[in-house]
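Take a look at the structure set out below.
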């Protein structure tokens, strides 16, 4: 039977059927290739963003009310936690000469460098530890202020401690301090355009206040997912425990939605190809009715003829899809290795090429879809075969 299936697919005596089957095979192959390549690009961008965010983000971030220093100490005493750092986050105004920028001031303690690797992303200056009245500034903030010669102009930071203090004291309620730039970092636009990192000990007014964020770095043997589940059971509901993806949930949600939209577009492309396959197999079934009648006259049962047609449909669908996935896998591996497809306008940026990454679920989704279509097509061909009068097929066209 499989020899017959092979001959019908590639060596059919009817030229029209032969070329229709080959075109259907090519269409399914290209659809499978496009499905895998497009999905791998979205996976690659998501993985690239995770790598970028890992340069600055902690493994676990706690936000909410009740983030006291005693809680930080209790967390750090746990065997699963290597370092726990408390951070104050405030909206501030950075002024340099006649220019100013609204920034996100992060006041960190001496444990912070063990939680975040943002100090390794310096474009200029020195890494941690922080010197008194110095700050690390994002490249976007430095560009907005046009920082040049810091000896000519003073760099001032005005911190907004609370709305109540501003209401009672006006602009005098702003905390003001002159700072020096220890370094300029570049991680990603979200950080570069807003972040300014300074020492907590330079701002005595924040002492004994609850932290805005507690950031954790776990021991190497600790699994983040399991530890997060434990923390959520033990902490108050007012404290939110965020894993690395939850910290940028909005961005990852957009990427997931775009991947779904791309899959929908590819699904309609695949659907049009499958409609062509159904038409081709219908024509093949009708044009080969003399063959089916001859097989029956030689003693073949209707179920054997149906299995032959079913095998041909499955071989066409799964064979073409498998070839497309194989071709897509080769393209993705070559792109990941040699990076020959560049991003237009990406020169000098964090990313100059299309990142790609293979994922098992992309294979499973497509194979499950094609398998479902193969089952439906098998039922359809059984129905069409039952409507053909095989006896009259031997008597003429």
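In the numbering used here, the protein residues as written are 1166 to 1562. C-beta: ideal position from N, C-alpha, C; glycine also.
In the DSSP assignment, the beta strand (DSSP E) including residue i goes from what residue to what residue?
| i | result |
| --- | --- |
| residue 1413 | First-last for residue 1413: undefined, no H or E at that position. |
| residue 1265 | 1264-1273 |
| residue 1473 | Where residue 1473 is concerned, there is no enclosing beta strand (DSSP E), although the alpha helix (DSSP H) it sits in stretches over 1467-1503. |
| residue 1290 | 1287-1290 |
Considering only DSSP beta bridges, list what residue i is partnered with.
| i | result |
| --- | --- |
| residue 1229 | 1404 |
| residue 1345 | 1299 |
| residue 1250 | 1380 |
| residue 1258 | 1267, 1323 |
| residue 1360 | 1269 |
| residue 1507 | 1518 |
| residue 1350 | 1287, 1303 |
| residue 1340 | 1324 |
Residues in its own chain within less than 6 angstroms of residue i by CB, not counting five upstream and five downstream?
| i | result |
| --- | --- |
| residue 1320 | 1261, 1344 |
| residue 1209 | 1520, 1521, 1522 |
| residue 1276 | 1248, 1250 |
| residue 1309 | 1266 |
| residue 1489 | 1194, 1197, 1198 |
| residue 1271 | 1252, 1254, 1362 |
| residue 1240 | 1246, 1249 |
| residue 1449 | 1182 |
Is any non-hydrogen atom of the ligand SAM found closer than 8 angstroms to the C-beta of residue i, if you look at the structure I gave you?
| i | result |
| --- | --- |
| residue 1296 | This structure lacks the ligand SAM; in fact it carries no ligand of any kind. |
Exposed or buried, what is residue i when buried is set at 16 or more other beta-carbons lying within 10 Å of its beta-carbon?
| i | result |
| --- | --- |
| residue 1380 | buried |
| residue 1457 | buried |
| residue 1166 | exposed |
| residue 1364 | buried |
| residue 1548 | exposed |
| residue 1184 | exposed |
| residue 1535 | buried |
| residue 1168 | exposed |
| residue 1385 | exposed |
| residue 1192 | buried |
| residue 1281 | buried |
| residue 1181 | exposed |
| residue 1438 | buried |
| residue 1263 | exposed |
| residue 1546 | buried |
With respect to the alpha helix (DSSP H) encompassing residue i, which residues constitute its N-terminal and C-terminal limits?
| i | result |
| --- | --- |
| residue 1521 | Note, residue 1521: premise wrong, no alpha helix (DSSP H); not H, not E. |
| residue 1184 | 1180-1219 |
| residue 1356 | 1354-1357 |
| residue 1171 | 1167-1175 |
| residue 1245 | Segment: none, residue 1245 is in no alpha helix (DSSP H) and carries neither H nor E. |
| residue 1457 | 1454-1462 |
| residue 1399 | 1389-1399 |
| residue 1280 | Where residue 1280 is concerned, there is no enclosing alpha helix (DSSP H), given that its DSSP letter is neither H nor E. |
| residue 1305 | 1304-1310 |
In its own chain, which residues sit with a C-beta less than 7 angstroms from the C-beta of residue i, not counting the 5 before and 5 after it?
| i | result |
| --- | --- |
| residue 1234 | 1251 |
| residue 1413 | 1218 |
| residue 1452 | 1179, 1182 |
| residue 1274 | 1250, 1251, 1365 |
| residue 1371 | 1253, 1272, 1365 |
Return the chain-ordered list of same chain residues with a C-beta closer than 8 angstroms to the C-beta of residue i, the five sequence neighbours on each side being excluded.
| i | result |
| --- | --- |
| residue 1527 | 1200, 1201, 1204, 1205, 1208 |
| residue 1285 | 1220, 1292 |
| residue 1476 | 1166, 1167, 1170 |
| residue 1507 | 1517, 1518, 1519 |
- For the segment 1352-1365 and the segment 1302-1310, state whether three or more C-beta atom pairs, one from each stretch, are separated by less than 8 angstroms. Yes, they touch.
- Query: Pairing CB atoms from the segment 1434-1449 with CB atoms from the segment 1254-1270, are three or more of them under 8 angstroms?
  - Reply: No: the two stretches stay apart, fewer than three of their Cβ pairs being nearer than 8 angstroms.
- Should the segment 1403-1410 be called in touch with the segment 1490-1504, which here means at least 3 C-beta pairs below 8 angstroms? With contact defined as three or more Cβ pairs closer than 8 angstroms, the segment 1403-1410 and the segment 1490-1504 are not in contact.
- Is the segment 1481-1496 touching the segment 1458-1472, taking contact as three or more C-beta pairs under 8 angstroms? Between the segment 1481-1496 and the segment 1458-1472, the count of Cβ pairs shorter than 8 angstroms is below three; the stretches do not touch.
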